[in-house]
Amino acid sequence: MTPLLEGVRIRLEPMTLEHLPALEKIAFDERILRYMTAPVATPEQLRAWLEASSKAEADGTVVPWVTVLKAENRVIGTTRFLDFDKANGLLERGTIEVA
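Residue 147 is where the sequence shown starts when you use the working numbering, and the numbers rise one by one after that.
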């Protein structure tokens with residue numbers, strides 16, 4: 147299960163389908179689209195991407211969050227842990243944000 151993580155300015159909330167409306171407000175920004183590994187240019191593609199993230203989380207291959215700017219309680223991006231290398235204690239972190 148993905149934990150809630152909170153710092154002084156940012157909160158990482160476990161990503162769920164309930165975040166879809168907030169993600170739709172930022173997901174189609176050119177600053178985000180250029181970093182996506184799969185095409186996410188429509189609401190349908192965004193939903194499919196979010197559902198794939200949920201499946202990967204259930205499979206234990208990804209830990210996805212939405213990034214929330216606490217001062218405005220506004221979703222500004224996503225963060226995830228992926229590519230777990232348990233033998234060497236390594237993982238990859240991917241972050242996409244629009245401030």
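A virtual CB, placed ideally from N, CA and C, is assigned to each residue, including glycine.
Buried or exposed by the 16-neighbour rule on C-beta atoms within 10 Å, applied to residue i
i	result
residue 147	exposed
residue 241	exposed
residue 207	exposed
residue 183	exposed
Opposing strand residues paired with residue i [DSSP bridges]
i	result
residue 205	Residue 205 pairs with nothing; no bridge assigned.
residue 227	209, 239
residue 157	152, 214
residue 221	214
Own chain partners of residue i with C-beta closer than 8 Å, once the 5 adjacent residues on each side are dropped
i	result
residue 172	178, 221, 222, 223, 244
residue 165	159, 196, 212, 221
N- and C-terminal bounds of the alpha helix (DSSP H) containing residue i
i	result
residue 168	166 to 170
Cβ neighbours of residue i in the same chain (closer than 7 Å, five flanking residues each side left out)
i	result
residue 163	196
Contacting residues, own chain, Cβ-Cβ under 6 Å from residue i (five flanking each side not counted)
i	result
residue 157	214, 216
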